[in-house]
Amino acid sequence: MEGAKQTQAVSVDELFYMPSVVVAAHEMKSPLALIRQLALDLEASVQTAEQQQLSRRVRLMSEQTMQLVADITRAQRLEDSLFACEPINPRAVCEEVAHELSPLFREHRRQLAVQPRRHTPLVVANRDLLKRILVNFATNALHYSAENEPVALQTSMHAGKIRVAVRDRGPQIPRAVWRSLAATQQPLPQPDSRRPQSSSLGLHLSKQFAEAMSGRVGLVRHADGASFFVELLPSTQLSLL
Amino acid sequence: MSRVLVVDDNTWQREHLVSLLERAGHSVKSAGDAIAAMEMIDDRAPEVILLDMLLPGANGLTLLHELRTYEDLARIPIVVCSSLELPRRELAPYGVVDVLDKAVMQPRDVVAAVEGALR
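Chains as they are written, first to last, in numbering that gives the first Met the number 0: chain A, 0 to 240; chain B, 0 to 118.
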């Protein structure tokens, strides 16, 4: 650049160094962000209800996928201890998730509801990670719940710990599938034929997030569906961490 | 009518932002990299710059550094528009007055940020 003074050398690596997985995730995030912006423009300008629906669905899908991409980045950063835990009201997080996902569920003609509970103890968690776990569970449940059966966000006590669960009423997950999920820590190589839209990526990331909070994820199989839960310590046990 | 410079390496993103700001009544130019941006700035300084940080070759941070070395150009307010989650406070010394996250921003947010920077 003509006439430019000598500038202080900037090390790009120092500012922008990222592991390759994070770089890949970012490369996916940029076009998704643009798709979302273009869909927003279309939503604001198109005429027919069908066109509006199409652009709305494009936007919702891009937002959903961007969140999953962001989760990949989060999972790579767990070791950096960037996600501090504190006492969190899990019911408040459930309500936040229900509110955030209601447009997506509405688009799929499904419902997501927070099951009432008189008293919900606080849990030791990172709000961001807990929310992402529940969003992943609820998004997974979205595809396997019937129209007239709402997906429920529930909290409960279990052996001194607190479970925050997403209950859907849909096809049963085979026990072997879940064992594979738990044992290998790798995404399933093939989607289960009874849950064909699941690649388990969201579930695997949720498992990592839960473990970063000294918790665990689990599954309760029902004849008419499943409950995916995250189990966390109550805040009364914060000193144990 | 204010002069805005949009700097983004993605052609469609650039065109989208240009269109958005022109519809809001601004005079907009665009550049796909830091060198082209600097040439446009040398030619006629914009009143606000909408800047993506990840650019080919010299990145957005390099451009910010470059602008700071010139007293007149250092006064141009910058709105960073990126899919990176960037800390606004740390970018403020570079003349960055607002940071937009491409993943969540609405068209009105872009217009509001640019017009806010002009005030």
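Cβ coordinates follow ideal geometry from the N, Cα and C atoms, glycine included.
Between the CA atoms of residue j and residue i - distance to the nearest angstrom
i                      : j                      : result
residue 76 of chain A  : residue 84 of chain A  : 15 Å
residue 33 of chain A  : residue 202 of chain A : 26 Å
residue 234 of chain A : residue 163 of chain A : 14 Å
residue 107 of chain B : residue 21 of chain B  : 13 Å
residue 85 of chain B  : residue 51 of chain B  : 11 Å
residue 100 of chain B : residue 14 of chain B  : 18 Å
residue 26 of chain B  : residue 31 of chain A  : 27 Å
residue 21 of chain A  : residue 38 of chain A  : 25 Å
residue 88 of chain A  : residue 78 of chain B  : 36 Å
residue 43 of chain B  : residue 19 of chain A  : 39 Å
residue 104 of chain A : residue 16 of chain B  : 30 Å
residue 123 of chain A : residue 214 of chain A : 9 Å
residue 0 of chain B   : residue 62 of chain B  : 25 Å
residue 51 of chain A  : residue 4 of chain B   : 31 Å
residue 28 of chain A  : residue 62 of chain A  : 10 Å
residue 57 of chain A  : residue 49 of chain B  : 26 Å
residue 71 of chain A  : residue 204 of chain A : 7 Å
residue 90 of chain A  : residue 111 of chain B : 35 Å
residue 89 of chain B  : residue 38 of chain B  : 26 Å
residue 131 of chain A : residue 86 of chain A  : 17 Å
residue 96 of chain B  : residue 141 of chain A : 40 Å
residue 216 of chain A : residue 133 of chain A : 11 Å
residue 45 of chain B  : residue 59 of chain A  : 35 Å
Nearest residue (CA-CA) to residue i, options the options
i                      : options                      : result
residue 131 of chain B : B/9, B/96 and B/68           : Because chain B is modelled from 0 through 118, residue 131 of chain B falls outside the range shown and cannot be assessed.
residue 7 of chain B   : B/39, B/84, B/71 and B/55    : B/55
residue 59 of chain B  : B/110, B/41 and B/80         : B/80
residue 199 of chain A : A/23, A/52, A/67 and A/24    : A/67
residue 212 of chain A : A/161, A/225, A/29 and A/165 : A/161
residue 75 of chain B  : B/83, B/65 and B/82          : B/65
residue 232 of chain A : A/165, A/129 and A/146       : A/129
residue 227 of chain A : A/236, A/167 and A/207       : A/167
residue 93 of chain A  : A/127, A/225 and A/48        : A/127
Integer-rounded CB distance, given that residue j should sit under 8 Å from residue i
i                      : j                      : result
residue 47 of chain B  : residue 113 of chain B : 6 Å
residue 210 of chain A : residue 157 of chain A : That pair is no contact at about 18 Å.
residue 136 of chain A : residue 165 of chain A : 4 Å
Residue i, buried or exposed, once every other Cβ within 10 Å from all chains shown has been counted against 16
i                      : result
residue 105 of chain B : exposed
residue 65 of chain A  : buried
residue 36 of chain A  : buried
residue 219 of chain A : exposed
residue 149 of chain A : buried
residue 12 of chain B  : buried
residue 154 of chain A : buried
residue 26 of chain A  : exposed
residue 224 of chain A : buried
Minimum Cβ-Cβ distance from residue i to chain B less than 8 Å
i                      : result
residue 156 of chain A : no
residue 98 of chain A  : no
residue 40 of chain A  : yes
residue 60 of chain A  : no
residue 221 of chain A : no
residue 14 of chain A  : Confidence at residue 14 of chain A is low in this model, with a pLDDT of 49, below 50, so the placement of that residue should be treated as unreliable; the coordinate-derived value is given next. For residue 14 of chain A, the answer is yes, since a Cβ of chain B falls inside 8 Å of its Cβ.
residue 144 of chain A : no
residue 74 of chain A  : no
residue 19 of chain A  : no
Below-8 Å beta-carbon distance, residue i vs any chain A residue
i                      : result
residue 97 of chain B  : no
residue 45 of chain B  : no
residue 25 of chain B  : no
residue 101 of chain B : yes
Closer than 8 Å, Cβ to any Cβ of chain E: which residues of the stretch 71-99 of chain B, in chain order? Of the chains in the structure shown, none is chain E; the protein chains are A and B.
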